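Each residue of the sequence shown is one higher than the last, beginning at 1 in UniProt numbering. Here a beta-carbon is modelled for each residue, glycine too, at the ideal position from N, C-alpha and C. What you are looking at is a predicted structure, and each value in this text was computed from that prediction instead of being measured. Here the structure comes first, spelled out in structure tokens, and everything after it is commentary.
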Amino acid sequence: MDTEITEARGQCHCGSVRFTAQLVKGLASARRCNCSYCRMRGAVVVSAPVGGITIEQGEDTLTLYQFNSMTAKHYFCSKCGIYTFHQRRSNVGEFGVNVACLEGLSPFDFDDVPVMDGVNHPSDGAAPRGPVGHLRFVPS
């Protein structure tokens, strides 16, 4: 596995959404998060700058999910349900890209993935906790 790759092609499970990601720090940025949402999702993600994701196909197929502070933007394929990437709450200038969507990679390729403490996120402050999310479709 080439941990210093700078670009990766990706897609959802059904292939409706296809994209290219310019990676920040290659695969060395791999991590998980323990917040209520990420814990259930279980994805390993790598970093890409906000301008570093090019959607080549299926932009109109993406669905957006937001919750709690409504800062992070989690994108899914509306056909197969696969989480592709999200704009981070901890750094809105970056996307977290689902490693499982990237060609030639699997979350099982990583031996030791750091876990970020999303349960005690510094942006929360006095933000309400609990199921305050919503689901909406990205306009086509």
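Contacts around residue 61, its chain only, beta-carbon distance under 7 Å, and the 5 residues preceding and following it disregarded: Around residue 61, the same chain offers 16, 17, 77, 78, 79 as residues with beta carbons nearer than 7 Å, after the five sequence neighbours per side are excluded.
Same chain, Cβ closer than 6 Å to residue 107, neighbours up to 5 away in sequence not counted: 44, 99, 100
For residue 59, three-class secondary structure by DSSP: helix
For residue 16, the first and last residue of its enclosing alpha helix (DSSP H): From DSSP, residue 16 is part of no alpha helix (DSSP H); its letter is neither H nor E.
Span of the beta strand (DSSP E), counted from its first residue to its last, around residue 77: 73-77
Bridge-paired residues (DSSP) for residue 98: 45
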